[in-house]
Amino acid sequence: MSDIVKEPVNKKQKTDEYVLYYWPGTPGRGEYVRLAFEYAGVPYTEMSDPSKLLATITDPAKSGHPPHFAPPALKLPSGRFLSQTPAILNHIAPKLGLAGKKEGDEAEEERSLVNQLVLTALDLCNEVGGKTHDVHHPIAVEDYYEDQKEAALARAKSYRKSRLPKFLKHFQAVLSSNPEGKKSGGTYLIGSSTTIADLVLFHVRAIRTL
Ligand SMILES: N[C@@H](CCC(=O)N[C@@H](CS)C(=O)NCC(=O)O)C(=O)O
């Protein structure tokens with residue numbers, strides 16, 4: 001441990017662009033980050049070589065301090081790395097025009113509310129679906145689905161019955177109580193324009209078995 005701490009920690013290399021570090025061949029959590037860049041039309045590149053991915057983001061000598069636990073990680077134009085999907089989205093949303101259109105003090109509040117909605121949508125992602133999460137791997141994330149299929153089926157039954165409807169009812173209430181959405185004739189979770197929360201909910205719904 002102390003050897004790691006002694007490594008040089010500031011290997012920041014400035015670039016003009018964002019680089020997404022994520023696994024190849026699966027949309028997963030990396031897709032939330034991709035969607036934001038794609039929607040905003042802001043260029044980014046990807047590093048998806050599995051032999052280098054974890055080795056880079058978990059090593060402070062390669063990606064700086066602090067090291068990262070798991071992909072996705074985003075290399076920022078400053079050269080610093082940032083991980084944890086909600087932290088990445090919270091960072092890039094205002095830069096990509098996806099954190100609401102309010103100004104001044106209201107902007108900060110709106111941004112926090114956008115973040116709140118993102119976190120709830122990601123709770124749904126964690127709880128209900130996805131290859132690596134609670135319903136498919138209720139006993140151990142590192143074990144195959146096939147080895148915990150019985151428990152997974154039992155858990156899926158409970159989620160279909162109670163948790164999933166609860167999340168969907170909640171988001172329906174968010175949509176229908178948005179006063180600005182009604183004014184603009186849009187279907188936005190908050191405000192009168194697309195935010196990162198809309199994109200996250202879209203992807204949760206698109207890839208999960210809802
Ligand atoms: N809370 C993290 C979870 C990150 C995560 O679970 N990443 C997956 C891919 S989607 C992974 O590679 N996990 C490896 C591990 O947890 O050991 C986030 O939202 O980014």
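Mapping of the sequence shown onto full-length UniProt numbering: residues 1 to 210, in sequence order.
Virtual Cβ for every residue (Gly too), placed ideally from N, Cα, C.
It should be emphasised that the depicted structure is a prediction, and the values quoted were computed from it without experimental measurement.
Identity of the residues DSSP links to residue i by a beta bridge
i	result
residue 73	21 and 83
residue 39	The partner list for residue 39 (beta bridge, DSSP) is empty, contrary to what the question assumes.
residue 46	20
Among the options, the one whose alpha carbon lies nearest that of residue i
i	options	result
residue 204	124, 194, 60 and 177	124
residue 40	202, 103, 47 and 196	196
residue 114	81, 191 and 24	191
residue 200	186, 183 and 171	171
residue 175	160, 202 and 31	202
residue 127	106, 38 and 167	167
residue 88	117, 148, 36 and 109	36
residue 69	80, 173 and 54	54
residue 90	101, 118, 107 and 135	118
residue 59	80, 42 and 43	80
residue 23	46, 38 and 179	46
Buried/exposed call for residue i, threshold 16 Cβ in 10 Å
i	result
residue 139	exposed
residue 198	buried
residue 51	exposed
residue 83	buried
residue 141	exposed
residue 169	exposed
residue 181	buried
residue 72	buried
residue 75	buried
Rounded straight-line distance, which links the Cα of residue j to that of residue i
i	j	result
residue 78	residue 63	12 Å
residue 27	residue 194	21 Å
residue 65	residue 177	42 Å
residue 17	residue 162	43 Å
residue 147	residue 33	31 Å
residue 99	residue 92	9 Å
residue 85	residue 150	30 Å
residue 57	residue 186	39 Å
residue 153	residue 164	15 Å
Could you tell me which uninterrupted alpha helix (DSSP H) segments, each at least 4 residues in length, are contained entirely in the region 123-198, listed from first to last along the chain?
Listed in chain order, the alpha helix (DSSP H) elements of length 4 or more contained wholly in the region 123-198 are 149-158, 164-176 and 179-184.
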